[in-house]
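Below is one structure, written out as structure tokens; the observations come after it.
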Amino acid sequence: MTEIDFYSGSEDKLHTACRLVAKALRKGFKVMIYSTDTTMIERLDKLLWTFSSIDFIPHCRADDKLADVTPVILGYAANLPHDDVLLNLDPENPSFFSRFRRLIEIAGTTPEDTQAARKRYRFYQDRGYEIRHHKLGAV
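Right, here's the structure in full:
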């Protein structure tokens, strides 16, 4: 069964995503970052190159010819070369989340984002998934 981790209270979801992806890579996992928002994916693509001076995060889009050999994939494709970690940045539940070993959800601090995250949390909870919750504090 998919392990689910919810991170709530993120002031900057994209920076939080970068930190969590870097941590997953250090542990040897491959990561799919999912969102249907192409503008967010473009911002995240740029941020992954610059957010840290010590972490290199090799990544590409899901439709790139190097997706099979790249540890971090960005996009909204459901047919992916791995099933390690899915990081969801979409307001909806990815229909294919259960094929992954681990799902990471990040909730921001806006009322809209908090409400969407609660809906996703209930969705997983109603289906019997055990959810680990991590409250992010202001740094």
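Just so you know, we're using our numbering here: the sequence shown kicks off at 1 and counts up by one. Note that beta-carbon positions come from the ideal geometry of N, C-alpha and C, so glycine has one too.
Worksheet item: From Q125, A107 and V85, pick the residue whose C-alpha is nearest to that of F100; which is it?
Response: Along the sequence shown, read from residue 1 onward, the residue named residue 100 stands at position 100. For the residues Q125, A107 and V85, the minimum Cα distance to F100 belongs to V85.
Practice prompt. Would you mind reading off the limits of the beta strand (DSSP E) that contains V72?
Written response: Locating residue 72 in the sequence shown gives position 72, counting from the first residue. Boundaries of the beta strand (DSSP E) harbouring V72: V72 to G75, taken from the DSSP string.
Worksheet entry | Under 9 Å between C-beta atoms of F97 and T2 | Within the sequence shown, the letter at position 97 stands for residue 97. Within the sequence shown, the letter at position 2 stands for residue 2. Going by C-beta atoms, F97 is nearer than 9 Å to T2.
Discussion item. Between H134, V69 and L89, which has its C-alpha nearest F29's C-alpha?
Written reply: Residue mapping note: residue 29 aligns to position 29 of the sequence shown, counting from 1. Per the Cα distances, V69.
Worksheet item: With 16 as the cutoff for other CB atoms within 10 Å, does H133 come out buried or exposed?
Response: Here residue 133 refers to the residue found at position 133 of the sequence shown. With fewer than 16 other Cβ atoms within 10 Å, it is exposed.
Worksheet item: Going by Cα to Cα distance, which pick from Y129, R127 and D113 is closest to S8?
Response: To locate residue 8, count along the sequence shown from 1; it is residue 8. If we check each option's Cα against that of S8, D113 comes out closest.
Item to complete: Can you give me the Cβ contacts of H82 inside the same chain, cut-off strictly under 6 Å, excluding the 5 residues immediately before and after it?
Response: Numbered from 1 along the sequence shown, position 82 holds the residue referred to as residue 82. Answer for H82: K30, listed in chain order.
Item to complete: Decide if the region 102–109 is in contact with the region 36–45; the criterion is three or more beta carbon pairs, one per stretch, under 8 Å apart.
Response: no
Practice prompt. In the DSSP assignment, find the alpha helix (DSSP H) that holds M40 and state where it starts and stops.
Written response: On the sequence shown, residue 40 is found 40 positions in, with the first residue counted as 1. Looking at the DSSP string, the run of the alpha helix (DSSP H) that includes M40 is T38 to T50.
Worksheet item: Under a three-way DSSP split, which group does L66 fall into?
Response: Numbered from 1 along the sequence shown, position 66 holds the residue referred to as residue 66. In the structure shown, L66 sits in coil (DSSP, three-state: anything other than H, G, I, E or B).
Worksheet entry | In DSSP terms, what N88 is bridged to | Residue numbering aside, residue 88 sits at position 88 when the sequence shown is read from its first letter. Beta-bridge pairing links N88 to Y34 and E105.
Item to complete: Just tell me which of R19, C18, Y34 and T16 has its CA closest to the CA of P91.
Response: Against the sequence shown, residue 91 aligns to sequence position 91. Among R19, C18, Y34 and T16, the Cα nearest to that of P91 is on Y34.
Worksheet item: According to the neighbour-count rule (16 or more other Cβ atoms, all chains shown, within 10 Å of its Cβ), is I73 buried or exposed?
Response: Locating residue 73 in the sequence shown gives position 73, where the first residue counts as 1. Classification for I73: buried.
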